Amino acid sequence: MKIAVSKEIAPRERRVALVPDTVARLVQAGMEVLVQEGAGNEALISDQAYQAAGATVVPGAASLYDAADVVLKVRLPSHNETEGRHEVDMIGEGTVLIALLQPLSNLDLVARLATGGVTAFSMDAMPRIARAQSMDVLSSMASIAGYKAALIAASSLGKVFPMMITAAGTFAPAKGLVIGAGVAGLQAIATARRLGAVIFGFDVRPAVKEQVQSLGATFVEAEGTIVGAEDASGYAREQSEDAQRTSRDLIHRHIQDMDFVISTAAVPGAPAPKLITKEMVMDMRLGSVIVDVAAETGGNCELTRPGEEVVEHGVSILGPLDLASALPTHASRAFSRNVSSFLLHLVKDGQLSLDFEDEITKSCAVTHAGEIVHERARQMVEADTR
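Each residue of the sequence shown is one higher than the one before, starting from 7 at the first, in the numbering used here.
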């Protein structure tokens, strides 16, 4: 069985789907690994390192895809300017594709994959169950993104994070609010705390209070419980307008006293909730900083511009994109372990064995045998074509 690792062509993407250590394990398991020339360059991995691990380096994308039984990518397929073709059109019928496809946000791609007969699996659809923990790429990438967000806040703020005693006197530590206590938020809290800041954490899910406090932060909560704030998988669910208003009022009361805010609130399959209004920004301290980790899905702040840094009312608002990709070496290592664990889940006796009754396989499957098998994506595609 031939496993192909392509060079990522999406703007700003520096990760690679497999690193040499993982390649060596797959080769030992009896698989043949093909790596596109230069695929690991942005992650500081040479072609020679892949060859030493047992991979074969292939010069171009077209020949790579043509030989593959399984294609591993980080980002979803797109038009390849060098080849003059869309990547899906280069993937053979019946070939398995594994990547971060975000099927609910890329319906045209889903339809194209089905038409091309590609069996596609989306790593971002991984169920949150114990058996899938080693395959949970969203958690891996979110942890790196949260760490990077705290560093961005520290480097953008015109104050030091920790309390400092100097010859000129003592500087009070910076105060920060982290909105959203998922994996990214908790890592941002932990990193900012290690840098010496005083941290407050907010989340609509009361169940995360203990986790926030265990990291040395103060949990910001409303009186009573916000009903229905999380789904059965533990993710935040989209709130009613009344619940969102309660959350915004609570954030507003605390944000005025903060030097920086890191917002990570997200709802799977939906735009990021708007939790920081223009009026809140106007009430913040001059020189304070907002790092909006949710910028890729619209941002938690009304004033966020994805991929840009803007200054409004004396507040710097940063909307960084591809945060995990900004640390490509470790992000690639984590992604590689997650995707290889999923690949091995699909393999039995050295060959692909797709059991669509299995919860992990079924949850991640997007297209198969010319059909859209992801239920919500299929419904949305059908609705668009009516």
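Glycine included, C-beta positions come from ideal geometry on N, C-alpha and C.
Only a predicted model underlies this, so the values are computations on that prediction, with no experimental measurement involved.
Next item on the list: Return yes when the Cβ of F348 is within less than 8 Å of the Cβ of M141, no when it is not.
Entry: By one-based count along the sequence shown, residue 141 stands at place 135. By one-based count along the sequence shown, residue 348 stands at place 342. Yes, these two residues count as a Cβ contact at 8 Å.
Note to self: Please identify the residue among A340, P17, V102, Q108 whose C-alpha is closest to the C-alpha of A276.
What the structure shows: Translated into positions along the sequence shown, residue 276 becomes position 270. Among A340, P17, V102, Q108, the Cα nearest to that of A276 is on Q108.
Check: Near V204, which residues of its chain fall below 6 Å by C-beta distance, leaving aside the five closest residues on each side in sequence?
Finding: Numbered from 1 along the sequence shown, position 198 holds the residue referred to as residue 204. P179, K181, listed in sequence order.
Next item on the list: With DSSP as the reference, label A67 as helix, strand or coil.
Entry: In the sequence shown, counting from the first residue as 1, residue 67 sits at position 61. Helix at A67.
Next item on the list: Have a look at Q57, I15, E14 and flag the residue whose alpha-carbon is nearest the alpha-carbon of V33.
Entry: Counted from its first residue, the sequence shown places residue 33 at position 27. That would be Q57, whose Cα lies nearest to the Cα of V33.
Item checked: Distance between L157 and M286 (C-alpha atoms, nearest Å) -> Numbered from its first residue, the sequence shown carries residue 286 at position 280. Numbered from its first residue, the sequence shown carries residue 157 at position 151. About 23 Å.
Next item on the list: Inspect the beta-carbon positions of M290 and V317 and report whether they are closer than 8 Å.
Entry: Residue 290 sits at position 284 when you count from the first residue of the sequence shown. Residue 317 sits at position 311 when you count from the first residue of the sequence shown. Cβ distance not < 8 Å, so M290 and V317 don't count as in contact.
Checklist line | For A174 and E14, the rounded distance between their alpha carbons | finding: Numbered from its first residue, the sequence shown carries residue 14 at position 8. Numbered from its first residue, the sequence shown carries residue 174 at position 168. Between E14 and A174, the C-alpha separation is close to 50 Å.
Next item on the list: Out of A120, G186, G293, point me to the one whose CA is closest to H380's CA.
Entry: Position 374 of the sequence shown, counting from 1, holds the residue named residue 380. Ranking the options by Cα distance to H380, first place goes to A120.
Next item on the list: Starting from the Cα of H258, find the closest Cα among V273, M288, A271 and give me that residue.
Entry: For the purposes of this step, residue 258 is taken as residue 252 along the sequence shown, with counting starting at 1. That would be M288, whose Cα lies nearest to the Cα of H258.
Next item on the list: Report the three-state DSSP secondary structure of M288 (helix, strand or coil).
Entry: For this step, residue 288 is matched to residue 282 along the sequence shown. If DSSP states are grouped into helix, strand and coil, M288 belongs with the helices.
Next item on the list: Could you pull out every residue in the same chain whose Cβ sits closer than 8 Å to the Cβ of D169, ignoring the five residues on either side in sequence?
Entry: Within the sequence shown, residue 169 is the residue found at index 163, counting from 1. The question names Asp, but residue 169 in the sequence shown is Met. Closer than 8 Å at Cβ, skipping near neighbours: T176, F177, A178, P179, G202.
Next item on the list: Mind checking who V315 pairs with in its DSSP beta bridge?
Entry: Start at 1 with the first residue of the sequence shown, and residue 315 comes out as number 309. According to the sequence displayed, residue 315 carries Glu and not Val. DSSP, once it has assigned bridges, lists L324 as partnering E315.
Checklist line | For M170: DSSP bridge partner residues | finding: On the sequence shown, position 164 is the one that residue 170 refers to. M170 is bridged to F177.
Check: Is there contact between the region 15-31 and the region 334-346, where contact requires at least three CB pairs shorter than 8 Å?
Finding: yes
Item checked: Bridge partner(s) assigned by DSSP for K8 -> Start at 1 with the first residue of the sequence shown, and residue 8 comes out as number 2. For K8, which the question treats as bridged, DSSP gives the partners E38.
Notebook entry, point to check: What did DSSP end up calling V345 once you bin it into helix, strand or coil?
Noted result: For this step, residue 345 is matched to residue 339 along the sequence shown. If DSSP states are grouped into helix, strand and coil, V345 belongs with the helices.
Check: Should R18 be labelled buried (16 or more other beta-carbon atoms within 10 Å of its own) or exposed?
Finding: Along the sequence shown, read from residue 1 onward, the residue named residue 18 stands at position 12. Burial call: exposed.
Checklist line | Alpha-carbon spacing of K79 relative to V387, whole angstroms | finding: Along the sequence shown, one-based indexing puts residue 79 at 73. Along the sequence shown, one-based indexing puts residue 387 at 381. Distance between the alpha carbons of K79 and V387: 23 Å.
Item checked: Among V39, I282, A301, H319, the one whose alpha carbon lies nearest that of G313 -> To locate residue 313, count along the sequence shown from 1; it is residue 307. It is A301 whose Cα lies nearest to the Cα of G313.
Next item on the list: Leaving out five residues on either side along the sequence, give the residues of the same chain with a beta carbon under 6 Å from the beta carbon of L329.
Entry: On the sequence shown, residue 329 is found 323 positions in, with the first residue counted as 1. So the qualifying residues of the chain are A151, K154.
Check: Hey, is the region 32-50 in contact with the region 88-99, meaning 3+ C-beta pairs nearer than 8 Å?
Finding: no
Next item on the list: Would you mind sorting E93 into buried or exposed? The rule is 16 or more other CB atoms within 10 Å of its CB.
Entry: Position 87 of the sequence shown, counting from 1, holds the residue named residue 93. Burial call: buried.
Note to self: Quick check: the Cα distance between S12 and R134, rounded to an integer number of angstroms?
What the structure shows: Here the question's residue 12 lines up with position 6 in the sequence shown. Here the question's residue 134 lines up with position 128 in the sequence shown. Those two C-alpha atoms are separated by around 27 Å.
Margin query: Between the alpha carbons of T367 and L360, how many angstroms are there, rounded?
Written below: Locating residue 367 in the sequence shown gives position 361, where the first residue counts as 1. Locating residue 360 in the sequence shown gives position 354, where the first residue counts as 1. So the two alpha carbons sit approximately 7 Å from each other.
Checklist line | Rounded straight-line distance, which links the Cα of A187 to that of V214 | finding: Counting from one through the sequence shown, the residue named residue 214 turns up at place 208. Counting from one through the sequence shown, the residue named residue 187 turns up at place 181. Rounded to the nearest angstrom, the two C-alpha atoms are 7 Å apart.
Margin query: Short of 8 Å in beta carbon distance, which residues of its chain neighbour D72, apart from the five on each side in sequence? Order them along the chain.
Written below: On the sequence shown, position 66 is the one that residue 72 refers to. These residues qualify, in order along the chain: M96, G98.
Next item on the list: Classify L144 as helix, strand or coil using the three-state DSSP reduction.
Entry: Here residue 144 refers to the residue found at position 138 when the sequence shown is read from its first residue. The answer is helix: DSSP assigns L144 an H, G or I state.
Check: How far does the alpha helix (DSSP H) with A120 in it reach, from first residue to last?
Finding: Within the sequence shown, residue 120 is the residue found at index 114, counting from 1. Taken as a continuous stretch (DSSP letters only), the alpha helix (DSSP H) holding A120 covers 113-121.
Notebook entry, point to check: In this structure, does DSSP put A136 in helix, strand or coil?
Noted result: By 1-based counting over the sequence shown, the position of residue 136 is 130. Reduced to three states, the DSSP call for A136 is helix.
Checklist line | Cβ shell of G36 (< 7 Å), same chain only, five flanking positions each side left out | finding: One-based indexing of the sequence shown puts residue 36 at position 30. Around G36: G356.
Notebook entry, point to check: Helix, strand or coil: which one does DSSP assign to D255?
Noted result: Indexing the sequence shown from 1 puts residue 255 at position 249. Three-state DSSP puts D255 in a helix.
Checklist line | Cβ neighbours of K8 in the same chain (closer than 7 Å, five flanking residues each side left out) | finding: In the sequence shown, the residue the question calls residue 8 occupies position 2. Only E38, L40, A73, A74, D75 meet the Cβ criterion.
Notebook entry, point to check: Using DSSP with H/G/I as helix, E/B as strand and the rest coil, what is I183?
Noted result: On the sequence shown, position 177 is the one that residue 183 refers to. Before going further, note that residue 183 is Leu rather than Ile in the sequence given. In this structure, L183 counts as strand in the three-state DSSP scheme.
Check: Which partner residues of D298 appear in the DSSP bridge assignment?
Finding: As a position in the sequence shown, residue 298 is number 292, starting the count at 1. Answer by DSSP bridge pairing, in chain order: S269.
Check: Out of curiosity, what's the CA-to-CA distance linking C370 and A160?
Finding: As a working mapping, residue 370 is identified with position 364 in the sequence shown. As a working mapping, residue 160 is identified with position 154 in the sequence shown. Distance between the alpha carbons of C370 and A160: 37 Å.
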